[in-house]
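First comes the structure, then the notes that go with it.
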Amino acid sequence: MAARALAYTDTIDLLQYKIITYIRLNSALNSNITYKTRFKDVTEHAINFNFYEFNEAYQEKFIEPDFEAYSTKFIEFIKPVFQDFIKEIHYGGYTLRVSIKFNAERFEKIFSVLSPGNLH
Numbered sequence: 782m783a784a785r786a787l788a789y790t791d792t793i794d795l796l797q798y799k800i801i802t803y804i805r806l807n808s809a810l811n812s813n814i815t816y817k818t819r820f821k822d823v824t825e826h827a828i829n830f831n832f833y834e835f836n837e838a839y840q841e842k843f844i845e846p847d848f849e850a851y852s853t854k855f856i857e858f859i860k861p862v863f864q865d866f867i868k869e870i871h872y873g874g875y876t877l878r879v880s881i882k883f884n885a886e887r888f889e890k891i892f893s894v895l896s897p898g899n900l901h
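Our numbering numbers the first residue of the sequence shown as 782 and each following residue consecutively.
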């Protein structure tokens, strides 16, 4: 029997769960994000992060000096979650849009993620 491919929209809850678990397992992020459920929102169009949910001391030290650089670094940090997710739902790869908000600023990045088995 052939396996039926899952639609991305059917897997959004799984991706949200994986992101929140990854954050909770990272002590630096876990202790500095006030409301983890408001920190991320996965929709069919984008993966949204709200950096305003970091506590004020963290914002001042890491985000405010260079929001764009921190956003880029954060995306690289979280990419293993996306790779694991793509592998778990049996996709060879997928193009994702990440949107990060902080105060009036917004950073967006669109990139493709390959399943670890498809990396050459």
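We put the CB at the ideal spot given by N, CA and C, even for glycine.
When the options are compared against residue i, the one with the closest alpha-carbon
i: A850; options: D791, E886, P861 and F866; result: E886
i: D791; options: T824, I800, K817 and T802; result: T824
i: S812; options: Y839, A788, L796 and I793; result: Y839
i: T818; options: N807, H826, N831 and A809; result: N831
i: I844; options: I793, Q797 and I881; result: I881
Range of the contiguous beta strand (DSSP E) that encloses residue i
i: N831; result: I828 to N831
i: G874; result: G874 to F883
i: L895; result: E886 to L895
Range covered by the alpha helix (DSSP H) that runs through residue i
i: I800; result: I793 to L806
Cutoff 7 angstroms; reference residue i; Cβ partners in own chain excluding five residues on either side
i: I814; result: I804, F820, E834 and F835
i: K799; result: V862, D865 and F866
i: G976; result: Any question about residue 976 goes unanswered here, given that the chain covers just 782 to 901.
i: D822; result: N829
Own chain, CB closer than 6 angstroms to residue i, minus 5 neighbours either side, in chain order
i: L787; result: I870
i: P897; result: Q864 and K868
i: Q797; result: V823
Whole-Å CB distance - residue i paired with residue j, under 8 angstroms assumed
i: L877; j: I828; result: 6 angstroms
i: F892; j: S852; result: So it is not a contact: roughly 13 angstroms between Cβ atoms.
i: F848; j: F883; result: 5 angstroms
Same chain, Cβ closer than 8 angstroms to residue i, five either side skipped, listed in chain order
i: K860; result: V894
i: H826; result: R878
9 angstroms Cβ cutoff, residue i in contact with chain E
i: F858; result: No chain E is present in this structure, which holds just one protein chain.
Every unbroken beta strand (DSSP E) inside the stretch 811 to 853 [3 residues or more]: 821 to 823 and 828 to 831
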